[in-house]
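Notes follow once the structure below has been shown.
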Amino acid sequence: MKKRWIILIVIIMVLLSGCQRSVERKKEQYDPAIKQVLALEKDRIAGEFRLKRENTGIAVYGKGQYLMLYYDPEPDVGAEALYQRNEQGDYDYIPEEDRYDIFDRDEKIFETNDYIENLGIK
């Protein structure tokens, strides 16, 4: 009986460590893109709000094709920013009035995220 419990615990630990490594790999994979987009957003809002990665929700879609930022510049005020990777591999800000066209055009891409950070649903 004890042997079964030990085997079960070992199996669970192996499965959980595998899941953790997958999250770490995704974070490493998207980290350069996230850093670039955060720097672009800091420049875009220039002094209106001090944007920090640890206080910003980040969602990656389409294997890094789109990055969405969620943050609160003021209490009870939320802001979103969408960035799209261009042909050179850099990211461009998508103005709010153009987002719905992109959401409609690439609807399938936005159905599931590839990586999220600081959104509470990991």
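Take 14 as the starting number for the sequence shown in our numbering and just add one per residue. Backbone N, C-alpha and C fix where the C-beta goes; we use that ideal spot for every residue, glycine too.
- A Cβ-Cβ contact shorter than 9 Å links Ala92 with Tyr83.
- Excluding residues up to 5 positions away in sequence, Asn131 lie with their Cβ nearer than 8 Å to the Cβ of Glu67 in the same chain.
- In this structure Ala59 is not in contact with Tyr104, their Cβ atoms being roughly 17 Å apart against a cut-off of 8 Å.
- By the Cβ-count criterion, Tyr74 is buried, with 16 or more other Cβ atoms from all chains shown falling within 10 Å of its own Cβ.
- The C-beta distance from Leu53 to Tyr106 rounds to 6 Å, short enough to meet the 8 Å contact threshold.
- The residues Tyr79, Asp105 and Ile107, in chain order, have a CB closer than 6 Å to that of Gln97 in the same chain once the five nearest residues on each side in sequence are set aside.
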